[in-house]
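Heads up, the thing below is written out as structure tokens.
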Amino acid sequence: MEHTEQGGTMKNIDRRGFLTGAMATGALAAAGALFGCAPSDGEGKAAADASPAPERAGSASATWDARPASVASDASAGKDYDIVIVGAGNSGMIAALRAAELGGKVAVLEQSGAPTSWAGDIDACGSALMEEAGIEVDKEFVIHDLVRYASGKCDENLIRLWAYNSGAFVDWYQETLQKKGADVMLDVVKKKFYPDDFYFTNVYHTAYQPPLQETANPMGSEVAMPILVELFEAAGGELLFDTKVVELMQDGEGGRVTGVIAETDGGYVAYGASKGVMLCCGGFLGNKDMMDEWGVVSHKYCSNHIGGDGRNGDGIKLATWAGAARDASSTGSMLIFDRGCITTADDDGGLGAQGGTSPNFWWPGSQPFLRVNALGQRFCNEDNTYDFAFNLAVQQPGHYWWQVFDASCWEDIVSFGTTICSRLVAEEGAKNCLLLGQFYPCRSAEEYEEVYLGPNVENGNVIKCDSLDELADAMGLDADAKKNFLASVARYNEVAASGTDTDYHKAPWRLSAVDEAPYYAVKLAGWALATLSGVHVNDKMQAVTPAGKPIEGLYVGGLDVGGFFNGNYPQLYGGLCMGRCVTLSWLAAHAMMGKEYPTPVESAQLAF
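Residue numbers for the sequence shown follow the UniProt record's numbering, so the first one is 1 and each next one is one higher.
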């Protein structure tokens, strides 16, 4: 799907380890776009002129946007900059580097002890790599398709800005990485099983470290982030870690944003920003109360909010406290995988319908094997994108499903030919990357057994039995559900043998009989990756008020920006989530530095 190539175990490492080891070992990967920073040694003249704020009623706010009391009177003066960027994730570091290249004095404030690396696939319309490959994209078709996908509950101007500038961004990104020996590849192995007239931009760009290996390549942000950091610091930029931005400095109520106040080990420090503050704080996946209030209902049925740590909506809160409008039309949007793994004892996919914290997942969960519900019944065409599969399943009892397959699973997976991060088969022209530090597309049944199947049978995520009757018992099905299950498998085998799924009309090459022992079952639920709603912005990525007036000096990037998606995520556009995050953040750097975009979009300029 399409946006994430998650790599490595979920952790932060110290800055020295990050800079010296990440490129060589691929060790860095963190669970989200975190955003604080560490204190600066220098002194400046930033004035703590934050506007007054009401007192917080107790330590826990009654609502997501309850504004805390100002700490301006407790803040000491820190350094002054042209631009302060809050958050050292992909969007923050790309905006920071570009602004520094354009001559800005830039600081990035990061709440953790190191930059965070998350995702890596970038969708774009018309990069040099695409041109070299002879791939043409109809930008207007893509724009209209994404607006349709969002049911019109989006800002077409943002989509248009991305479509017409994403190619230029990728070209810059590639040139940037090439300075340090890395590069960007174009994964084009997407349309293998689709009709010629089935149009989508399902090619995407990923950073890698040459030379490409046959499989298990460290890729994406894991490769790019150390380079972005090195070049940013070489351009004079400053990275301040272990400091959390808690307040924006503003010229009166609704006035220009002039800097930030951050909490450090030494107390509160005020940092000035003469050209602007940019918030790139990673959304609000870690804030269940905020997701509830914003209508992100799906999170309740996910067994894991992977990447939620540190993603507490702080950037969105800071913007709204400064007077910004929220993205009201698409507040229920989030990015979901269908790979969360729960135990036979769990009776709800959300582990109590509040969103779980299960650490277990089954990467092959997106493979279109037979799926049955808690009653043992097949309930859908299994050949769906990740969130569609999840959405269909949460209508079922317990909001979970069982994936069922047999001894020929590797041959079936080869036939299925799924792509992007659900890819399990190494293939020339595909990125074949290392995922979460342990998974990668395989070259043989033996390798698949070693990487995926064997370890998960051993740890109990996957149930393995010598007969379907035993499998049903091991799944914990009662007598009626067991009867349904055996009948469902028998019926599925019939349609698979005929080559025509007269029940749900699944594509013939994705029908796979369950008739060869041993048999396997995995109990699956949703896996939440990111929220997709945020702050309302204009074409310069400035936060705007409910009346559409830009808040001078306040810019927003990454997952804190709203208006691009609605309801769910267009999975067939591989890398679109990161693609829009980094492209629009890169454009914001141009806007803050007073530079024209590579491709100005007049309609977007006229929108506000």
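Glycine is no exception: its CB is placed at the ideal position from the N, C-alpha and C atoms.
The structure presented is a predicted model; accordingly, all values stated were derived computationally and were not measured.
Item	Value
Tell me whether T502 is buried or exposed, calling it buried when 16 or more other Cβ atoms sit within 10 Å of its Cβ.	exposed
Would the stretch 439 to 456 count as touching the stretch 227 to 241 if we require 3 or more Cβ pairs under 8 Å?	no
Which residues in the same chain have their Cβ closer than 6 Å to the Cβ of Y149, if we skip the five residues on either side of it in sequence?	P570
Could you work out which residue in A107, A207, V142, S221 is closest to G237 when comparing CA atoms only?	A107
Cα separation between D265 and V451?	43 Å
For the alpha helix (DSSP H) holding A479, just list the boundary residues, first then last.	479 to 498
Considering only the beta carbon of each residue, do C341 and N360 sit closer than 7 Å?	yes
Could you check how far apart the C-beta atoms of L554 and A345 are, in whole angstroms? I think they sit under 8 Å.	Contact flag wrong, Cβ pair sits at about 48 Å.
Across the stretch 274 to 284 and the stretch 549 to 569, are there enough close Cβ pairs to call them in contact, namely three or more that are closer than 8 Å?	yes
Within its chain, find whatever has a CB closer than 6 Å to the CB of G276; leave out the 5 residues flanking it on each side and keep chain order.	I83, G553, Y555, M592
Jot down the residue ranges of each uninterrupted alpha helix (DSSP H) in the stretch 328 to 405, minimum 4 residues, whole runs only, in chain order.	386 to 393
In the DSSP assignment, the alpha helix (DSSP H) including I94 goes from what residue to what residue?	90 to 101
Beta-carbon within less than 6 Å of G499's beta-carbon, same chain only, minus the 5 sequence neighbours each way: which residues are those?	P508
From G286 to S112, what does the alpha carbon distance come to, in whole angstroms?	15 Å
Should N459 be labelled buried (16 or more other beta-carbon atoms within 10 Å of its own) or exposed?	exposed
In this structure, how does DSSP classify Y597 when only helix, strand and coil are distinguished?	coil
I'd like to know if the stretch 373 to 380 and the stretch 394 to 402 are in contact, where contact means that at least 3 CB-CB pairs between them fall below 8 Å.	yes
What do you reckon, are the CB atoms on residue 616 and M334 nearer than 7 Å?	The displayed coordinates of the chain run from 1 to 608. Any statement about residue 616 would go beyond what the structure contains.
Is the beta carbon of V537 less than 7 Å from the beta carbon of V514?	no
If you draw a straight line from the C-alpha of V147 to the C-alpha of T531, how long is it?	18 Å
For Q178, count neighbouring C-beta atoms within 10 Å of its own C-beta (all shown protein chains included) and say buried if the count is 16 or more, exposed if not.	exposed
Taking three-plus beta-carbon pairs below 8 Å as touching, is the stretch 415 to 434 in contact with the stretch 474 to 491?	no
Can you give, in chain order, each stretch of the alpha helix (DSSP H) that sits fully within the stretch 427 to 461 and has at least 4 residues?	445 to 448, 454 to 458
Look up Q250 in the DSSP assignment and give the residues it is bridged to.	V257
Let me make sure I understand the geometry here. Which of I413, D347, Y573 has the alpha-carbon closest to that of R510?	I413
Whole angstroms are fine: how far does the CA of T63 sit from the CA of D289?	8 Å
So, using beta-carbon positions, are A426 and T206 closer together than 7 Å?	no
Drop a sphere of 10 angstroms on the beta-carbon of P546, count the other beta-carbons inside from all chains shown, and report buried for 16 or more, exposed for fewer.	exposed
Could you give the C-beta distance for Y520 and C409, rounded to a whole number, given that I count them as a contact under 8 Å?	7 Å
Do you know whose CA, among R326, N304, A114, Y81, lies nearest F564's CA?	R326
What is the C-beta distance between I143 and I122, in whole angstroms, given that I count them as a contact (C-beta under 8 Å)?	About 18 Å; that fails the 8 Å criterion.
Please list, in chain order, all residues of the same chain as S329 whose beta carbon is under 6 Å from its beta carbon, the five residues on each side excluded.	K153
Report, in whole angstroms, the separation of the C-beta atoms of A224 and V170, which I expect to be a contact under 8 Å.	That belief does not hold up - the Cβ atoms of A224 and V170 are roughly 12 Å apart, past 8 Å.
Could you give the DSSP three-state label for L468: helix, strand or coil?	helix
Suppose contacts are defined by Cβ-Cβ distances below 7 Å. Is F379 in contact with W527 by that definition?	no
Roughly how many angstroms lie between the CA atoms of Q209 and G254, to the nearest whole one?	46 Å
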